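*Asks:* Sharing a structure, written as structure tokens. Questions coming.
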Amino acid sequence: MSTEHPRRPNVVIILTDDHAAHAIGAYGSVVNRTPRIDEIAEAGVRLDNCFCTNALCTPSRATILTGTYSHVNGVTTLETPIDASQPTFVSQLKEAGYRTAIVGKWHMGEGPGHDPEGFDYWAVLRDQGEYFDPQIRTAQGVEIVEGYATDVITDLSLDWLDSLEGEEPWCLLVHHKAPHRPWEPDERHRGMYREPIPVPATFGDDYATRGSAAHRAAMRIADHLTLADLKELPPEGLDYEQAALWKYQRYMEDYLACVASVDDNVGRVIDWLRAHDSFDDTLLMYTSDQGFFLGDHGWFDKRFMYDESLRMPLLVSCPSRIPARSEPLGQIVTNVDFAQTVLEAAGVAPHPRMQGLSIWPQLTSEPDAPTRPAMYYRYFENDDVNHHALAHYGIRTERYKLIYFYNDGMGLPGSSPHVYPPEWELYDLELDPEELRNVVRDPAYRGIREELEVQLWELQAELLDAPHPSQPVPERVRVAAG
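Here the sequence shown is numbered in full-length UniProt numbering, starting from 1 and rising by one per residue.
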């Protein structure tokens with residue numbers, strides 16, 4: 001540990017649910033303002049290419065905690081609870097003398113073996129939780145706490161901080177429900193975005209070059225938002241296109257109002273840290289469990305490996321250790337890396353089981369240091385019940401993305417997953433950043449596809465994940481194996 005910082009930093013990780021990076025001011029949002037969240041970027045650094053490795057709430061949370069991929073920590077779907085006894089960055093910090101707490105959304109199971117472990121204090125929502133008067137579970141039982149969930153979670157977080165005595169460092173996870181569906185804003189923020197909200201350029205995507213996965217997905221704003229989501233029926237007399245645009249505006253009004261409440265409450269945390277002279281020596285991270293479609297490609301929700309779903313916001317500050325910089329970090333980072341980054345910041349050794357890498361050097365002293373040439377993604381659910389998103393995996397490099405839809409994953413309880421023929425998709429992100437043109441059959445990309453298939457195979461082997469039986473073994477791999 002550096003002699004310049006004899007005291008280890010405190011840690012605050014604010015994790016929201018389904019907050020897309022392109023609905024944050026610091027990321028250039030054209031649909032809303034987030035001045036308090038932006039303060040973290042102004043005091044520290046913005047990461048532009050942070051990606052999740054499984055774009056679902058439960059698996060992403062397990063990955064962040066354990067520093068492992070879904071196939072290692074066992075949390076592959078919304079229905080697979082965590083074995084809470086496995087090592088996490090929080091349990092490592094606690095063993096090293098940190099005081100630890102989590103408040104808000106847990107969503108990784110309930111009861112013995114699945115409740116939070118490694119925390120001195122936990123107060124979490126039941127399942128997805130309610131926006132108003134949420135049920136809060138603690139080690140003592142369940143209590144209904146009056147108020148709006150985003151405020152309640154912040155209240156309980158700050159109450160815990162106020163209760164601390166002594167000089168030992170602490171780690172606090174503030175896990176908000178917002179802005180998760182069904183997007184129920186509080187009275188203070190409802191109606192903030194009544195003016196027309198810009199519509200994404202890809203709103204009318206017809207999926208012409210994609211395979212069956214995009215066509216089958218039940219995530220279209222025009223077709224799959226419910227009355228519970230919209231809160232009112234569309235006006236009479238609208239044609240299909242007009243109704244789709246009306247639904248987009250209605251959806252985004254509430255989504256962005258929920259974000260506004262989060263923004264205010266992030267400010268409350270920042271204000272507490274400043275008032276207690278702790279801001280400079282606190283590793284403060286703002287992120288979300290994955291990205292979200294905000295009308296991009298006509299969709300809401302996440303799940304797919306396309307960038308709007310894949311990209312996580314990540315803003316990090318710790319002024320005593322991380323220089324503020326106007327230029328963002330552009331290296332590829334994933335949620336698997338969070339655990340080891342926090343542990344290195346605290347001077348604590350990572351558990352040998354962890355699979356990520358620490359980006360503490362990039363944040364502090366080596367901003368141009370490379371991270372990884374490609375990231376690995378896997379979505380396990382083959383959902384024929386709700387969103388009809390088909391199972392797939394793939395890799396993303398700085399320029400290219402290769403996706404393999406193998407389409408017969410484990411499914412969900414009550415489903416009878418159909419088996420569709422496997423399909424490949426390939427995107428050139430430099431020439432087609434909006435991922436509108438699948439070039440997997442373009443002869444000009446044959447060599448690139450073959451190279452990416454080898455990279456995918458090798459990365460799966462490195463990360464101890466098994467390729468699906470239908471995935472062809474690349475010729476170069478077959479030759480090397482004799």
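Where a beta carbon is used, it is the ideal one built from N, C-alpha and C, also for glycine. All values reported here derive from a predicted model rather than from experimental measurement.
Relative to the C-alpha of Asp229, which residue among His180, Ala461, Asn49 is closest?
*Replies:* Along the sequence shown, read from residue 1 onward, the residue named residue 229 stands at position 229. Looking at the Cα atoms, His180 is the closest of the given residues.
*Asks:* Can you give, in chain order, each stretch of the alpha helix (DSSP H) that sits fully within the region 132-218 and has at least 4 residues?
*Replies:* Listed in chain order, they are 149-163, 212-216.
*Asks:* Take Asp337 and list the residues in its own chain whose beta-carbon comes closer than 6 Å to its own, dropping the five residues that flank it on each side.
*Replies:* In the sequence shown, the residue the question calls residue 337 occupies position 337. So the qualifying residues of the chain are Gly356, Leu357, Ile359.
*Asks:* Which residues in the same chain as Glu168 place their Cβ atom closer than 8 Å to its Cβ, once the five residues preceding and following it in sequence are excluded?
*Replies:* Start at 1 with the first residue of the sequence shown, and residue 168 comes out as number 168. So the qualifying residues of the chain are Gly97, Tyr98, Arg99.
*Asks:* In angstroms, rounded to a whole number, what distance separates the CA positions of Met410 and Ser278?
*Replies:* Position 410 of the sequence shown holds residue 410. Position 278 of the sequence shown holds residue 278. Only weak support is given to the placement of Met410: the predicted model assigns it a pLDDT of 48, under 50, and the question is left unresolved by the model.
*Asks:* Suppose you measure from the CA of Glu430 to the CA of Thr397; what does that come to, to the nearest Å?
*Replies:* As a working note, residue 430 is residue 430 in the sequence shown. As a working note, residue 397 is residue 397 in the sequence shown. Each residue's Cα considered, the two are about 11 Å apart.
*Asks:* Can you round the beta-carbon distance between residue 563 and Val31 to whole angstroms, since I take them to be within the 8 Å contact cut?
*Replies:* Examination of residue 563 is not possible in this model, given that the chain is present from 1 through 482 alone.
*Asks:* For Pro361, I'd like the list of residues in its chain whose CB is within less than 6 Å of its CB, leaving aside the five on either flank, ordered along the chain.
*Replies:* Stepping through the sequence shown from its first residue, residue 361 is reached at position 361. If we look at Pro361 and ignore the five residues flanking it on each side, its Cβ neighbours are Ala369.
*Asks:* Given Ala374, which residues of its chain have a CB within under 6 Å of its CB, disregarding the five upstream and five downstream residues?
*Replies:* Indexing the sequence shown from 1 puts residue 374 at position 374. The answer, listed in chain order, is Ile395, Thr397, Gln455.
*Asks:* Shortest alpha-carbon distance to Gln249 belongs to which of Val342, Arg194, Pro235, Arg378?
*Replies:* Indexing the sequence shown from 1 puts residue 249 at position 249. The candidate whose alpha carbon is nearest that of Gln249 is Arg194.
*Asks:* Tell me the DSSP secondary structure of Phe300 in three-state form.
*Replies:* As a first step, residue 300 must be located in the sequence shown, where it is residue number 300. Coil, per DSSP.
*Asks:* Does the distance from the CB of Thr53 to the CB of Thr334 come in under 8 Å?
*Replies:* Start at 1 with the first residue of the sequence shown, and residue 53 comes out as number 53. Start at 1 with the first residue of the sequence shown, and residue 334 comes out as number 334. Yes, Cβ-Cβ distance for Thr53 and Thr334 is below 8 Å.
*Asks:* My output table needs one value for Trp457: the three-state DSSP class, helix, strand or coil.
*Replies:* As a working mapping, residue 457 is identified with position 457 in the sequence shown. Helix.
*Asks:* Count the other C-beta atoms from every protein chain shown that fall within 10 angstroms of the C-beta of His297, then say buried if there are 16 or more, exposed otherwise.
*Replies:* Translated into positions along the sequence shown, residue 297 becomes position 297. By the neighbour-count rule (16 or more Cβ atoms within 10 Å), His297 is buried.
*Asks:* Any idea what DSSP makes of Thr3, helix, strand or coil?
*Replies:* Residue 3 sits at position 3 when you count from the first residue of the sequence shown. Bear in mind that a pLDDT of 40 at Thr3, under 50, signals an unreliable position, so the number given afterwards is only what the model happens to contain. Of the three classes helix, strand and coil, the one that applies to Thr3 here is coil, per DSSP.
*Asks:* Going by the DSSP bridge assignment, what does Arg220 pair with across the sheet?
*Replies:* Stepping through the sequence shown from its first residue, residue 220 is reached at position 220. Answer is Trp299, bridged to Arg220.
*Asks:* Using a Cβ-Cβ cut-off of 7 Å (strictly less than) and excluding sequence neighbours within five positions of Ala84, which residues of its own chain qualify?
*Replies:* Within the sequence shown, the letter at position 84 stands for residue 84. Taken in chain order, the residues that qualify are Gly113, His114, Asp115, Pro116, Glu117.
*Asks:* DSSP puts Lys401 in a beta bridge; with which residues?
*Replies:* Here residue 401 is taken as the residue at index 401 of the sequence shown, counted from 1. DSSP output for Lys401 lists Arg396, Tyr427 as bridge partner(s).
*Asks:* Could you give the C-beta distance for Leu156 and Val103, rounded to a whole number, given that I count them as a contact under 8 Å?
*Replies:* Walking along the sequence shown from the start, residue 156 turns up at place 156. Walking along the sequence shown from the start, residue 103 turns up at place 103. Yes, they are in contact, since the Cβ atoms of Leu156 and Val103 sit about 5 Å apart, within 8 Å.
*Asks:* With a threshold of 16 other CB atoms inside 10 Å of the CB of Gly295, please say whether the residue is buried or exposed.
*Replies:* Walking along the sequence shown from the start, residue 295 turns up at place 295. Label assigned to Gly295: buried.
*Asks:* Where does Gly267 fall in DSSP's three states?
*Replies:* Taking the first residue of the sequence shown as 1, we reach residue 267 at position 267. In the structure shown, Gly267 sits in a helix (DSSP, three-state: H, G or I).
*Asks:* When the distance is taken between beta carbons, is Gly211 closer than 8 Å to Glu423?
*Replies:* Residue numbering aside, residue 423 sits at position 423 when the sequence shown is read from its first letter. Residue numbering aside, residue 211 sits at position 211 when the sequence shown is read from its first letter. Going by C-beta atoms, Glu423 is nearer than 8 Å to Gly211.
*Asks:* Please confirm if the region 309-319 is in contact with the region 45-52, defined as three or more CB-CB distances below 8 Å between the two stretches.
*Replies:* Verdict: yes, contact present.
*Asks:* CB-CB under 8 Å to Met1, same chain, minus the five flanking residues each way: which ones, in chain order?
*Replies:* Taking the first residue of the sequence shown as 1, we reach residue 1 at position 1. Because the pLDDT at Met1 is just 34, under 50, the model does not fix this residue reliably, and the value given afterwards should be weighed accordingly. So the qualifying residues of the chain are Arg8, Gly347.
*Asks:* By DSSP's criteria, Tyr376 is part of a beta bridge. Which residues make up the other side?
*Replies:* As a working mapping, residue 376 is identified with position 376 in the sequence shown. DSSP, once it has assigned bridges, lists Ile395 as partnering Tyr376.
*Asks:* With DSSP collapsed to three states, give me the class of Ile64.
*Replies:* Indexing the sequence shown from 1 puts residue 64 at position 64. Here Ile64 sits in helix by DSSP.
*Asks:* Leu227: which of Ala208, Thr150, Trp183 sits nearest, CA to CA?
*Replies:* Against the sequence shown, residue 227 aligns to sequence position 227. Selected option, being the one with the closest Cα: Trp183.
*Asks:* By the DSSP assignment, the beta strand (DSSP E) with Thr80 in it spans what residues?
*Replies:* Start at 1 with the first residue of the sequence shown, and residue 80 comes out as number 80. Here Thr80 belongs to no beta strand (DSSP E), and DSSP marks it neither H nor E.
*Asks:* From Leu158 to Ala101, what does the alpha carbon distance come to, in whole angstroms?
*Replies:* Locating residue 158 in the sequence shown gives position 158, counting from the first residue. Locating residue 101 in the sequence shown gives position 101, counting from the first residue. Looking at the two C-alpha atoms, the distance is approximately 11 Å.
*Asks:* So, is Arg321 buried or exposed, given that buried needs 16 or more other C-beta atoms within 10 angstroms?
*Replies:* As a first step, residue 321 is located in the sequence shown; it is residue number 321 there, counting from the start. Counting Cβ neighbours within 10 Å, Arg321 comes out buried, since at least 16 surround it.
*Asks:* Going by DSSP in three states, Arg353 sits in which element: helix, strand or coil?
*Replies:* Along the sequence shown, read from residue 1 onward, the residue named residue 353 stands at position 353. Three-state DSSP puts Arg353 in coil, outside helix and strand.
*Asks:* Could you spell out the range, first to last residue, of the beta strand (DSSP E) harbouring Ile24?
*Replies:* Locating residue 24 in the sequence shown gives position 24, where the first residue counts as 1. From DSSP, Ile24 is part of no beta strand (DSSP E); its letter is neither H nor E.
*Asks:* Bridge partners of Ile13, per DSSP?
*Replies:* Taking the first residue of the sequence shown as position 1, residue 13 is located at position 13. DSSP lists Leu173, Met285 as partners of Ile13.
*Asks:* Give the secondary structure of Ala228 by DSSP, where H, G and I count as helix, E and B as strand, and everything else as coil.
*Replies:* The sequence position of residue 228 within the sequence shown is 228, counting from 1. Of the three classes helix, strand and coil, the one that applies to Ala228 here is helix, per DSSP.
*Asks:* Give the range of the alpha helix (DSSP H) segment to which Arg478 is assigned.
*Replies:* To locate residue 478, count along the sequence shown from 1; it is residue 478. Looking at the DSSP string, the run of the alpha helix (DSSP H) that includes Arg478 is 475-480.
*Asks:* Can you tell me which of the three DSSP states Cys50 falls into?
*Replies:* For the purposes of this step, residue 50 is identified with residue 50 of the sequence shown, where counting begins at 1. Looking at Cys50 - three-state DSSP - the assignment turns out to be strand.
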